[in-house]
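The structure appears below as structure tokens.
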DNA sequence: GCGACAG
DNA sequence: ATCTTGTCGC
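Numbering (my numbering), first residue to last: 2 to 407.
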């Protein structure tokens with residue numbers, strides 16, 4: 002790869018993007034974000050667009066569209082899912098990475114991390130990478146810092162890969178820049194010059210009768226961009242609706258199209274799953290839970306409250322949140338108090354609970370009001386119950402979960 | 001000029 | 001991405 006070229010675009014070295022330099026070093030912004038106004042296409046010049054197109058074309062030349070010989074589908078241990086949930090009406094969002102591990106045919110979450118992002122650019126079809134990749138890079142960096150032994154064999158990315166006007170959607174972009182195996186998973190069809198709306202309509206109308214059925218998405222040029230795949234296991238009962246939901250799967254990097262399809266199918270065919278592959282579905286649920294909690298309190302909150310919600314999601318499991326909530330109920334702390342005003346002596350709990358949960362938590366969230374704490378602690382994430390085993394005492398505010406070796 | 005447009 | 005509405009199934 003042409004390193005000087007990429008360096009000139011600020012692409013390498015993880016977090017040195019020209020348009021949001023410093024994002025990772027600045028702390029949580031004021032509620033609503035610094036970019037509270039709506040981002041518009043007019044923020045982007047044609048020259049910038051051309052530069053980004055050139056970057057996509059350049060990266061495309063390094064895309065590996067065959068399977069790694071050392072990683073066949075049966076050898077797949079862990080799968081990561083990346084997704085971003087937005088706060089309504091602002092440019093703020095929560096990006097989430099969930100890593101799942103295969104246990105026979107079940108997929109169990111073994112790692113989860115959420116970060117706050119403040120979008121600097123508008124959504125532009127064909128340039129999703131601008132908005133999402135900086136956040137994905139932060140999540141990758143934090144994973145490698147706090148749980149390198151849990152790095153997945155493949156990342157499923159919410160968006161397209163090769164199925165893209167320049168054959169380099171965000172899934173490929175992320176995979177190529179970091180040398181990772183990636184697969185693009187889109188819920189909607191993307192049409193462009195070589196894959197027209199007419200061809201898209203044909204693909205959409207093609208009946209996929211059973212789970213696993215698929216048709217290739219072939220462009221006018223003959224390129225196979227990916228597959229439309231029936232990933233819903235719902236029975237073909239009612240005519241068509243949710244049961245007709247399908248995904249548009251395309252390779253990101255270091256996969257063949259057919260293996261990418263099979264990996265996505267394997268991640269959908271799990272107990273309690275949906276038509277969305279499990280790691281992405283869980284990442285989406287977590288992002289929504291965080292945004293729901295934030296919505297309840299952000300009007301009156303300090304900026305620190307946003308980070309507090311991330312910490313509660315990242316570092317506490319279901320049981321730990323409930324324990325702290327019940328302690329707050331028992332102590333009867335007033336709405337204008339902070340957690341610091343709760344004396345440890347007044348808590349009627351086992352010493353271990355105080356030492357390993359309450360006191361570290363108290364230290365972690367010093368200047369957040371109790372009503373805001375309650376809203377965060379009431380966050381509902383039942384799927385993450387058995388996710389963490391590390392004591393809060395050994396975790397640190399602002400960090401990703403510290404996953405325990407097992 | 002107008003609509004379309006992964007998330 | 002987000003919203004809504006209706007329908008089906010557990």
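Cβ atoms here follow ideal geometry from the backbone N, Cα and C, with glycine treated the same way. It should be emphasised that the depicted structure is a prediction, and the values quoted were computed from it without experimental measurement.
DSSP beta-bridge partners of residue i
i	result
residue 221	None, per the DSSP bridge assignment.
residue 87	94
residue 107	104
residue 216	229
residue 159	186
residue 252	184
residue 81	100 and 156
residue 113	99
residue 195	DSSP lists no partner for residue 195.
residue 410	In the structure as shown, the chain starts at 2 and stops at 407, and residue 410 therefore has no counterpart that could be examined.
residue 119	93
residue 262	Beta-bridge pairing links residue 262 to no other residue.
residue 247	231
Exposed unless 16 or more other CB atoms sit within 10 angstroms - verdict on residue i
i	result
residue 8	Note that residue 8 scores a pLDDT of 42, beneath 50, so its modelled location is shaky and nothing firm can be said.
residue 137	buried
residue 273	exposed
residue 51	exposed
residue 387	exposed
residue 333	exposed
residue 153	buried
residue 31	Residue placement at residue 31 is poorly supported in this model, since its pLDDT is 42, which falls under 50; the coordinates still yield a value, given next. Under this definition residue 31 is an exposed residue.
residue 402	buried
residue 301	exposed
residue 337	exposed
residue 1	Since the displayed the chain opens at 2 and closes at 407, residue 1 lies outside it and no answer follows.
residue 139	buried
residue 42	exposed
residue 95	buried
residue 312	buried
residue 382	buried
residue 198	exposed
residue 217	exposed
residue 263	buried
residue 321	buried
residue 67	exposed
residue 76	exposed
residue 260	buried
residue 73	exposed
residue 1	Past the boundaries of the shown model lies residue 1; the chain is included only from 2 to 407, so the question cannot be answered.
residue 215	buried
residue 345	exposed
residue 145	exposed
residue 208	exposed
residue 409	Because the chain here runs from 2 to 407, residue 409 falls outside it and cannot be looked at.
Expected contact under 8 angstroms - CB spacing of residue i and residue j to nearest Å
i	j	result
residue 376	residue 290	About 11 angstroms; that fails the 8 angstroms criterion.
residue 164	residue 226	4 angstroms
residue 204	residue 160	Not really, about 18 angstroms apart at Cβ, beyond 8 angstroms.
residue 58	residue 167	5 angstroms
residue 185	residue 162	3 angstroms
residue 258	residue 228	6 angstroms
residue 248	residue 230	5 angstroms
residue 79	residue 101	7 angstroms
residue 265	residue 157	7 angstroms
residue 122	residue 191	That belief does not hold up - the Cβ atoms of residue 122 and residue 191 are roughly 19 angstroms apart, past 8 angstroms.
residue 147	residue 404	7 angstroms
residue 1	residue 195	What the structure shows of the chain is the stretch from 2 to 407, and residue 1 is not part of that stretch, so it cannot be assessed.
residue 328	residue 298	No, residue 328 and residue 298 are not in contact; Cβ-Cβ is about 19 angstroms, not under 8 angstroms.
residue 97	residue 110	Contact flag wrong, Cβ pair sits at about 11 angstroms.
residue 326	residue 379	7 angstroms
Cβ-heavy atom distance, residue i to the ligand GDP, below 8 angstroms
i	result
residue 163	With respect to the ligand GDP, the structure offers nothing, as it holds no ligand at all.
> Curious, which full-length alpha helix (DSSP H) runs of at least 4 residues does the stretch 307 to 343 contain?
Replying inline: 319 to 332
> Are the stretch 76 to 92 and the stretch 280 to 298 touching, with three or more C-beta to C-beta distances below 8 angstroms?
Replying inline: yes
>> Taking contact to mean 3 or more Cβ pairs, one atom from each stretch, closer than 8 angstroms, check whether the stretch 253 to 263 and the stretch 272 to 280 are in contact.
In response: No, they do not touch.
> So, do the stretch 361 to 379 and the stretch 299 to 311 have three or more beta carbon pairs nearer to each other than 8 angstroms?
Replying inline: At 8 angstroms Cβ cutoff, the stretches touch.
>> Counting beta carbon pairs with one atom in the stretch 316 to 333 and one in the stretch 113 to 120, are three or more of them shorter than 8 angstroms?
In response: no
> Quick check: the stretch 392 to 406 against the stretch 349 to 365, are there 3 or more CB pairs under 8 angstroms?
Replying inline: With a cut-off of 8 angstroms, the stretch 349 to 365 and the stretch 392 to 406 count as touching, because enough Cβ pairs lie within range.
> Do the stretch 86 to 105 and the stretch 58 to 70 make contact, defined as three or more Cβ pairs closer than 8 angstroms?
Replying inline: The answer is no - the stretch 58 to 70 does not touch the stretch 86 to 105, with fewer than three Cβ pairs under 8 angstroms.
> At which residue ranges does the stretch 364 to 395 contain complete alpha helix (DSSP H) runs of 4 or more residues, listed in the order of the chain?
Replying inline: 371 to 378
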